[in-house]
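Student: Protein chains in written order, with this note's numbering: chain E, 1 to 136; chain W, 1 to 136.
Virtual Cβ for every residue (Gly too), placed ideally from N, Cα, C.
2 protein chains.
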Amino acid sequence: MAAVETISLATCEQDPALYNERMRAMKDAIELLSGKWKFCILLNLYNYGTMRFKDLQETSTGITPKVLSKELQELEENLLITRTVNNTKPVTVSYALTPHAIETQPVINALVEFGLKHRTKIKGNYLAQPPVGTPA
Amino acid sequence: MAAVETISLATCEQDPALYNERMRAMKDAIELLSGKWKFCILLNLYNYGTMRFKDLQETSTGITPKVLSKELQELEENLLITRTVNNTKPVTVSYALTPHAIETQPVINALVEFGLKHRTKIKGNYLAQPPVGTPA
DNA sequence: GCTATTCGTTACCCTTAGGAAAGTGACTAT
DNA sequence: ATAGTCACTTTCCTAAGGGTAACGAATAGC
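1. Would you tell me roughly how many angstroms separate the C-alpha atoms of E/F39 and W/K117, rounded to the nearest one?
2. Listing by chain order, which chain W residues have their CB less than 8 Å from the CB of E/V107?
3. Beta-carbon within less than 8 Å of E/Y48's beta-carbon, same chain only, minus the 5 sequence neighbours each way: which residues are those?
4. Ignore the nearest five residues each way along the sequence and tell me which others in E/L32's own chain have a CB closer than 7 Å to its CB.
5. Indicate whether at least one CB of chain W lies closer than 8 Å to the CB of E/P130.
6. Under 8 Å: do the segment 106–115 of chain W and the segment 60–76 of chain W share three or more Cβ pairs, one atom per stretch?
7. What are the boundary residues of the beta strand (DSSP E) that includes E/V85?
8. I want to verify the contact list: residues of chain E whose CB lies under 9 Å from the CB of W/E58, in sequence order.
9. Tell me which residues share the same chain as E/A29 and place their Cβ nearer than 8 Å to its Cβ, disregarding the 5 neighbours each side in the sequence.
10. So the candidates are W/W37, W/G115, W/P90, W/M26; which of them puts its Cα closest to the Cα of E/K36?
11. Could you check what DSSP says for E/V4 in three-state terms: helix, strand or coil?
12. Chain W beta carbons: is any one of them nearer than 8 Å to that of E/L18?
13. Measuring straight from C-alpha to C-alpha, what distance separates E/Y95 and E/R119?
14. In the DSSP assignment, the alpha helix (DSSP H) including E/A25 goes from what residue to what residue?
15. Counting contacts by CB-CB distance shorter than 8 Å, is W/I30 in contact with chain E?
16. Using the Cα positions of W/I81 and W/L97, report the straight-line distance between them to the nearest angstrom.
17. Closest Cβ-Cβ distance between E/R22 and chain W: below 8 Å?
18. Alpha carbons only, please: which of W/R83, W/T104, W/G115 is nearest the one belonging to W/T50?
19. For W/T104 and E/F114, which I take to be in contact (beta-carbon distance under 8 Å), what is that distance rounded to the nearest angstrom?
Put into structure tokens, the structure is as follows:
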């Protein structure tokens with residue numbers, strides 16, 4: 001019944017099949033990009049362009065080599081990054097975004113924007129509001 | 001160093017402080033919205049408007065009451081949904097999005113769009129491409 | 001031969017997410 | 001009195017995520 005005002009995503013009643021498809025797509029995306037580090041790595045690659053393993057280890061502060069290695073493998077399997085071995089003195093490996101990874105940019109931007117807004121929202125509410133959700 | 005073409009998010013070299021702020025915001029958002037169910041619940045609320053506990057349990061196929069309860073509490077703590085107890089025959093509880101939750105809509109839409117594109121991309125690549133990432 | 005660098009892998013462990021199943025408490029209907 | 005509904009809560013359990021530390025292959029320098 002009465003939806004939240006100004007929101008009209010409601011495809012569900014017009015077309016349940018489309019709604020289910022969108023739900024499934026969202027779950028796909030979540031499965032693909034979930035975890036603590038995937039978005040972080042992608043954001044770094046957006047900003048710095050091609051990066052080596054060690055660069056990523058340094059910019060993704062806190063990540064361990066094992067986890068970084070695994071995350072990179074998963075991103076590569078999903079065609080979001082490319083892995084290139086360079087024949088340098090000690091071997092180096094370069095990682096870069098694929099064209100397909102551009103599709104994740106709106107997600108990252110939206111996440112960043114939400115994070116920024118949420119932080120100010122929460123700050124503003126700490127002093128202003130009583131604990132919500134325990135109605136009389 | 002050449003960044004992937006057509007991407008110019010590169011705020012990092014112009015303004016490292018801004019970049020760090022954006023990174024932190026993204027991590028905030030991930031911490032808030034991570035997990036298997038949060039986005040699913042939000043999408044359902046977008047589409048159906050106000051929903052009761054049992055409604056959410058049915059539309060979020062596969063979720064158990066315990067997990068649903070926990071997810072709802074966390075969403076409420078973060079001011080994304082409201083909880084209202086109705087004085088009906090057997091007590092019912094209504095959940096609805098807060099105005100602040102509108103900020104998550106771009107994230108959800110972006111996730112859905114990415115999921116849709118990724119699925120067709122992966123399908124197209126299954127037959128067309130050799131295993132990437134094992135360079136000579 | 002010894003050491004350092006780079007990019008990992010392997011083994012081990014611990015914490016958390018999340019699922020299954022049953023119970024609780026308030027209320028209603030029969 | 002008994003049974004059912006709704007919204008959880010509690011208990012128990014497993015699987016996965018993620019951390020630490022050590023090791024390995026390749027190459028280079030001392």
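Tutor: The short version:
1. Whole-angstrom Cα-Cα distance: 18 Å.
2. V107, A110, L111, F114
3. D55, T59
4. N78
5. At E/P130, the pLDDT of 48 sits below 50, so the modelled position is not reliable and the matter cannot be decided from this model.
6. no
7. 81–86
8. Residues of chain E whose Cβ lies closer than 9 Å to the Cβ of W/E58 do not exist, since the nearest Cβ in that chain is about 13 Å away.
9. V107
10. W/M26
11. Its pLDDT being 40, under 50, E/V4 is placed unreliably by the model, and nothing is read from it.
12. no
13. 32 Å
14. 16–33
15. yes
16. Answer to the nearest angstrom: the Cα atoms are 4 Å apart.
17. For E/R22, the nearest CB of chain W lies under 8 Å from its own CB, placing it at the interface with that chain.
18. Taking only the C-alpha atoms, the option nearest W/T50 is W/R83.
19. 6 Å
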